[in-house]
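*Asks:*
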Amino acid sequence: MIGRFGQGLIVILFGTIAMPAFAQMISSQDPGGIAKLLRDRGQTAIITVDEFNDPFIETSVDNVDYNIIFYGCTEHEDCTSLALRTQRMSAGRASFEAMNTWNTEQRWTKLYTADVNSVIMEMDFLFREGAMSEAAFAAYLDIWDRSIAQFVRFIDDGDYEFVE
1 MIGRFGQGLI VILFGTIAMP AFAQMISSQD PGGIAKLLRD RGQTAIITVD
51 EFNDPFIETS VDNVDYNIIF YGCTEHEDCT SLALRTQRMS AGRASFEAMN
101 TWNTEQRWTK LYTADVNSVI MEMDFLFREG AMSEAAFAAY LDIWDRSIAQ
151 FVRFIDDGDY EFVE
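Each residue of the sequence shown is one higher than the last, beginning at 1 in our numbering.
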């Protein structure tokens with residue numbers, strides 16, 4: 001017969017074994033953690049600040065520069081969301097109609113003009129309770145990477161075929 005202490009020990013041992021490992025989390029409140037994830041993916045990641053002194057990361061993928069902009073910050077910390085943003089010179093090749101088609105057919109990214117000669121692509125992230133799993137964030141970065149390749153073809157070659 002197992003005493004009360006033995007029963008508690010069995011519950012602790014088996015409960016611990018049965019518990020799934022906690023996923024690594026990435027946080028909008030931790031620019032350093034996001035930069036580390038980018039570096040682990042083979043990208044550069046330079047942490048700086050924007051004109052409001054909020055965190056800002058400069059990085060690139062496939063020779064296309066992009067920025068990670070932190071939003072909803074309190075005193076330049078504890079940010080609640082972020083956006084990935086890149087800009088490409090279009091020399092007027094991207095019409096409003098073509099960008100509207102992109103915005104209608106692409107689920108994750110949106111395009112808009114900065115001026116007559118450039119187009120911005122952006123993807124927003126809202127972090128539930130300030131964090132998401134590293135795997136989920138990496139999956140969104142994979143979508144962003146594919147979207148960058150499509151964006152380059154869209155602007156440079158006028159290729160409007162979209163692949164999700």
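Note that the Cβ used here is the ideal one computed from N, Cα and C, for glycine as well.
Which residues share a DSSP beta bridge with Gln87?
*Replies:* DSSP, once it has assigned bridges, lists Ile120 as partnering Gln87.
*Asks:* Distance check for Glu77 and Ser147, CA to CA, integer angstroms please.
*Replies:* Taking the straight line joining both Cα atoms gives about 29 Å.
*Asks:* Here's a check: name, in chain order, each residue in its chain whose Cβ is nearer than 6 Å to the Cβ of Phe68, leaving out the five neighbours to either side.
*Replies:* Note on identity: in this sequence residue 68 is Ile, with Phe being the wrong assignment. Excluding sequence neighbours, Ile68 sits near Ile57, Leu82, Leu84.
*Asks:* What does the alpha-carbon distance come out to for the pair Phe151 and Met121?
*Replies:* Distance between the alpha carbons of Phe151 and Met121 is about 8 Å.
*Asks:* For my contact list, Met99 and Asn117 are in at a C-beta cut-off of 8 Å; report their separation, rounded to the angstrom.
*Replies:* Not confirmed; about 14 Å, so no contact.
*Asks:* With a threshold of 6 Å on Cβ separation, who are the neighbours of Thr48 within its own chain once the five nearest residues in sequence on each side are excluded?
*Replies:* Only Phe56 meet the Cβ criterion.
*Asks:* Can Val64 and Thr80 be called in contact, C-beta distance under 7 Å?
*Replies:* Not in contact: Val64 and Thr80 (Cβ atoms no closer than 7 Å).
*Asks:* Just the Cα atoms here: how many angstroms apart are Arg107 and Asn53?
*Replies:* Computed Cα separation, rounded: 31 Å.
*Asks:* Here's the rule I'm using: 16 or more other beta-carbon atoms within 10 Å means buried, otherwise exposed. How should Phe96 be labelled?
*Replies:* It counts as exposed.
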